[in-house]
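Enquirer: Please read through the structure below; I'll follow up with questions.
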Amino acid sequence: MYSCPACKKISINLTTCSSCGVVFKEFLEREMESRREKYKIESRKDLQIIFKWIIFLTFIITTPCIFFAIASGGFIPVAFMLPLMSEGVFGFVVVAIHLLIYTPIFYYLSRLFSWALFEIRSDVIRNSLFAIFIALLWAMTFMPIYSRAAHSTTGPYNLWSIQN
Ligand SMILES: [Zn+2]
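Sequential numbering of the sequence shown, starting at 26, is according to the working numbering.
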């Protein structure tokens, strides 16, 4: 006596259900296949979210943004604006305004890029494009496109020399 996995009724047959007629082996194979498919979709979704946040963080750390402030403006990534928040109420407000503008822009761009990457069927091509994209953003930090002070005549520097 078997309990049918499809209709949950007790079946007197061993291979097919005596109530709903389903073939047990086929039913279970189909169940397993759909579970595998569901797992594949879910793990793709997880990877897409991971890609999105890696792209977002890389944007925040590497991409130069126009920064308006009286004494210390320039062309710096969002992450490099953050320390200025500790410089009094004025610094805090100025940086907060920049964050309110740049953070959503980078977030939606990251979401758009990760979505576009996952439109690509091939795992190898998608992951390679992702790696190249991230590498290019980091390579950008070695180019002289950053500057510290808006009114300064020095610069531009690469990201790793403006700190000096
Ligand atoms: Zn049944």
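Using N, Cα and C, we set each Cβ at its ideal position, and we do this for glycine too.
1) May I ask whether a heavy atom of ligand 1 can be found less than 7 Å away from the beta carbon of K34?
2) What is the residue span of the alpha helix (DSSP H) that G99 lies within?
3) Does the Cβ of V48 lie closer than 7 Å to at least one heavy atom of ligand 1?
4) Quick one: any contact between the segment 132–151 and the segment 53–60, if contact means 3 or more CB pairs under 8 Å?
5) Where does V47 sit, in a helix, a strand or coil, going by DSSP?
6) What runs of the beta strand (DSSP E), each 3 residues or longer, lie entirely inside the segment 87–142?
7) For M168 versus N183, is the C-beta distance shorter than 8 Å?
8) Roughly how many angstroms lie between the CA atoms of L39 and C32, to the nearest whole one?
9) Assign T41 to one of three DSSP states: helix, strand, or coil.
10) Distance check for L161 and N189, CA to CA, integer angstroms please.
Expert: In short, the structure shows the following:
1) At least one heavy atom of ligand 1 is nearer than 7 Å to the Cβ of K34, so yes.
2) Premise fails: G99 lies in the beta strand (DSSP E), 99–101, not in any alpha helix (DSSP H).
3) No, ligand 1 has no heavy atom inside 7 Å of this Cβ.
4) Touching, no.
5) Reduced to three states, the DSSP call for V47 is coil.
6) Here the runs fully enclosed are 90–92, 99–101.
7) Taking C-beta atoms as the reference points, M168 and N183 count as a pair closer than 8 Å.
8) Taking the CA atoms as reference points, L39 sits about 15 Å from C32.
9) Here DSSP, grouped into helix, strand and coil, assigns T41 to strand.
10) Annotation note: pLDDT 47 at N189 (below 50); position unreliable, coordinate value reported separately. If you draw a straight line from the Cα of N189 to the Cα of L161, it is about 24 Å long.
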